[in-house]
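Visitor: Can you keep this structure in mind? I'll have questions shortly.
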Amino acid sequence: MEIFNHNSNINFLGMRKISIAISILLMIVSIGLIAVKGLNYGLDFTGGVALVVDYQQPVTTAEVQAALDKAGIEHSLVASLGGTREVSVRFQPTAAMKDEAGKVNLDKVASVATAALIAARPDATVKSRDYVGSQVGDELRSDGIIAALVVMLGIGVYLGIRFEWRFAVAAIVTEFHDALITVGVFALVQRDFDLTVLASVLAVIGYSINDKVVVFDRVRELFRSSRKAEPEEILNRSINNTLSRTIITALFTAITMAALYFIGGPVVHGFAITMLIGILVGTLSSIFVASPILLWLGVSKQDLMPRTKENPELARRP
């Protein structure tokens, strides 16, 4: 199954100056957006009130969400807890839920939330209540950044062992590029950035490197089988040979994420949207960014030929 001819000869490397310039511009813009506008961190990072609400009759998360919105408790997160009669509710405390010193009063939280839920459904009962401070969110945020960096470094080490250090550098740079632009889009639109989105950013890194490894494999194969081809020609042929596979993989993964967005419910919206952005950015970087970096680093046939151990005995023979 091919969209493009396996032996097509599109000169992707001929557009490398434009593609690299656009990528650098997008990275600078993303850094600026994150620095100026910042990310709209969700309750997982900012802390907030967590309630478990039980109903005598089945209830949907949309009903609970509507009841809270009507009572002025906005931007709440509602999730079903393994059934249709118990839900988890998380939200930022309102002024009515704090005491005179400005601290969260869980009794007020329970009374305000319960009143809002009972007004919509008299069979609602708050089973448990808790407050998570922002310190936990700060730890989760720093742990997420460390996790992303460790993933990129681990990928770089793996590719350095499997291929050559130039491939590792190209992979790390493009992975940073993909993750940064994806996060930059969230800073631009100010959509909630929570643990689900953070997990999907890590998934984007893993998805994106898969495309690049396929191209890298073809680069190594063509270098070893071609006698006199120039590096630019080899890189172009590698991209063209794997182009159908790259597009088909991206297309079907995007269809899956779209189905998850429209059918999976609001809880997975952030994950699906992040993956859709990451699929687009990662696919483009596999075609227009990774190979130009390899060419700039000076990859050659000699770098990828199998190393043979020198035999002193053979060296002494005439």
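Those letters in the sequence shown? Residues 1 to 318, by my numbering. Beta carbons: idealized from backbone N, C-alpha and C, even for Gly.
(1) The beta strand (DSSP E) spanning Ser88 covers which residue range?
(2) By how many angstroms is the C-alpha of Val268 removed from the C-alpha of Ser200?
(3) Going by other Cβ atoms of all chains shown within 10 Å of its Cβ, with 16 needed for buried, is Asn9 buried or exposed?
(4) So does Leu153 have its beta carbon nearer than 7 Å to some heavy atom of the ligand NAD?
(5) For Gly298, which residues of its own chain have a beta-carbon under 7 Å away from its beta-carbon, when the five flanking residues on both sides are left out?
(6) Kindly list the residues whose CB is nearer than 6 Å to the CB of Phe225, restricted to its own chain and excluding five residues on each side of it in sequence; keep chain order.
(7) Using 8 Å as the threshold, is the segment 108–125 in touch with the segment 48–56, meaning 3 or more CB pairs across them?
(8) Considering just the uninterrupted stretch of the beta strand (DSSP E) at Gly48, what are its terminal residues?
(9) Which residue from Ile73, Leu251, Met275, Gln65 puts its Cα closest to that of Asp178?
(10) By how many angstroms is the C-alpha of Gly38 removed from the C-alpha of Phe12?
(11) Check whether the segment 210–222 touches the segment 155–174, taking contact to mean three or more Cβ pairs, one atom from each stretch, closer than 8 Å.
(12) Sorted by chain position, which residues of the same chain lie with C-beta nearer than 6 Å to Val64's C-beta, five sequence neighbours on each side aside?
(13) Can you look up Ser385 in the DSSP assignment and give me helix, strand or coil?
(14) Below 8 Å between beta carbons: does that hold for Val289 and Ser30?
(15) Would Asp194 and Gly42 qualify as a contact pair, given that the criterion is a beta-carbon distance under 8 Å?
(16) Unbroken alpha helix (DSSP H) runs of length 4 or more, entirely within the segment 211–273: which are they?
(17) Do three or more CB pairs link the segment 142–160 to the segment 277–286 at distances below 8 Å?
(18) My output table needs one value for Ala66: the three-state DSSP class, helix, strand or coil.
(19) At the level of alpha carbons, what is the spacing between Val189 and Phe271?
(20) Just the C-alpha distance for Gly265 and Ile273, rounded to the nearest angstrom, thanks.
(21) Note down the Cα distance separating Gly82 from Asp192, rounded to an integer number of angstroms.
(22) At what residue ranges does the segment 106–185 contain a whole run of the beta strand (DSSP E), taking only runs of 3 or more?
(23) Opposite Asp192 in the DSSP bridges: which residues?
(24) Between Met152 and Phe186, which are expected to be in contact by the criterion C-beta below 8 Å, what is the C-beta distance as a whole number of angstroms?
(25) Spatial neighbours of Leu260 within its chain, please: CB distance less than 6 Å, with the 5 preceding and 5 following residues excluded, ordered by chain position.
(26) Would Leu295 and Glu233 be called neighbours here (beta carbons separated by less than 8 Å)?
(27) Just mark Lys228 as buried or exposed, buried being the case when its beta carbon has 16 or more other beta carbons within 10 Å.
(28) Would the beta-carbon of Asp123 fall within 8 Å of that of Gln57?
(29) Using the Cα positions of Pro292 and Gly14, report the straight-line distance between them to the nearest angstrom.
(30) Under DSSP, the beta strand (DSSP E) around Leu297 begins and ends at which residues?
(31) For Ser208 and Phe45, what's the separation of their Cα atoms in angstroms?
(32) Would you mind sorting Ile239 into buried or exposed? The rule is 16 or more other CB atoms within 10 Å of its CB.
Guide: A quick look at the data gives this:
(1) Mapped onto the sequence shown, residue 88 falls at position 88. From DSSP, the beta strand (DSSP E) with Ser88 extends over 86–91.
(2) Here residue 200 corresponds to residue number 200 of the sequence shown, with the count starting at 1. Here residue 268 corresponds to residue number 268 of the sequence shown, with the count starting at 1. Whole-angstrom Cα-Cα distance: 10 Å.
(3) By one-based count along the sequence shown, residue 9 stands at place 9. When all chains shown are included, Asn9 counts as exposed.
(4) This structure simply doesn't include the ligand NAD, nor any ligand for that matter.
(5) Position 298 of the sequence shown, counted from the first residue, corresponds to residue 298. Around Gly298, the same chain offers no residue with a beta carbon nearer than 7 Å, after the five sequence neighbours per side are excluded.
(6) Looking up residue 225 in the sequence shown gives position 225. It should be pointed out that residue 225 corresponds to Ser in this sequence rather than to Phe. The answer is none, since no qualifying residue turns up.
(7) yes
(8) For this step, residue 48 is matched to residue 48 along the sequence shown. Its beta strand (DSSP E) spans residues 48–55.
(9) Translated into positions along the sequence shown, residue 178 becomes position 178. Sorting Ile73, Leu251, Met275, Gln65 by C-alpha distance to the C-alpha of Asp178 places Met275 at the top.
(10) Here residue 12 corresponds to residue number 12 of the sequence shown, with the count starting at 1. Here residue 38 corresponds to residue number 38 of the sequence shown, with the count starting at 1. Straight-line Cα distance between these residues: approximately 34 Å.
(11) yes
(12) Locating residue 64 in the sequence shown gives position 64, where the first residue counts as 1. Excluding sequence neighbours, Val64 sits near Val78, Val87.
(13) The shown model of the chain, from 1 to 318, leaves out residue 385, and the question about it has no answer.
(14) Residue mapping note: residue 289 aligns to position 289 of the sequence shown, counting from 1. Residue mapping note: residue 30 aligns to position 30 of the sequence shown, counting from 1. Not closer than 8 Å, so no.
(15) Here the question's residue 194 lines up with position 194 in the sequence shown. Here the question's residue 42 lines up with position 42 in the sequence shown. Taking 8 Å as the Cβ cut-off, Asp194 and Gly42 qualify as a contacting pair.
(16) You should have 231–263.
(17) No: fewer than three Cβ pairs fall under 8 Å.
(18) Within the sequence shown, numbered from 1, the residue matching residue 66 stands at position 66. Helix at Ala66.
(19) What you label residue 189 is simply residue 189 of the sequence shown in a count that begins at 1. What you label residue 271 is simply residue 271 of the sequence shown in a count that begins at 1. Each residue's alpha carbon lies about 15 Å from the other.
(20) Your numbering for residue 265 matches position 265 in the sequence shown. Your numbering for residue 273 matches position 273 in the sequence shown. Taking the Cα positions, Gly265 is about 12 Å away from Ile273.
(21) Position 82 of the sequence shown, counted from the start, is the residue given in the question as residue 82. Position 192 of the sequence shown, counted from the start, is the residue given in the question as residue 192. Going by C-alpha positions, Gly82 is about 24 Å away from Asp192.
(22) 124–132
(23) As a first step, residue 192 must be located in the sequence shown, where it is residue number 192. According to DSSP, Asp192 bridges with Asn40.
(24) On the sequence shown, position 152 is the one that residue 152 refers to. On the sequence shown, position 186 is the one that residue 186 refers to. The Cβ separation is near 19 Å, so there is no contact.
(25) Here the question's residue 260 lines up with position 260 in the sequence shown. So the qualifying residues of the chain are Val268, Ala272.
(26) Numbered from 1 along the sequence shown, position 295 holds the residue referred to as residue 295. Numbered from 1 along the sequence shown, position 233 holds the residue referred to as residue 233. No; because the gap between Cβ atoms is not below 8 Å, this pair is not in contact.
(27) By 1-based counting over the sequence shown, the position of residue 228 is 228. The residue is exposed, with fewer than 16 neighbouring Cβ atoms inside 10 Å.
(28) In the sequence shown, counting from the first residue as 1, residue 123 sits at position 123. In the sequence shown, counting from the first residue as 1, residue 57 sits at position 57. Yes, Cβ-Cβ distance for Asp123 and Gln57 is below 8 Å.
(29) For the purposes of this step, residue 292 is taken as residue 292 along the sequence shown, with counting starting at 1. For the purposes of this step, residue 14 is taken as residue 14 along the sequence shown, with counting starting at 1. When rounded, the separation of the alpha-carbon atoms in Pro292 and Gly14 is 9 Å.
(30) Here residue 297 is taken as the residue at index 297 of the sequence shown, counted from 1. Where Leu297 is concerned, there is no enclosing beta strand (DSSP E), although the alpha helix (DSSP H) it sits in stretches over 290–297.
(31) The sequence position of residue 208 within the sequence shown is 208, counting from 1. The sequence position of residue 45 within the sequence shown is 45, counting from 1. Taking the straight line from one Cα to the other gives about 26 Å.
(32) Locating residue 239 in the sequence shown gives position 239, counting from the first residue. Buried.
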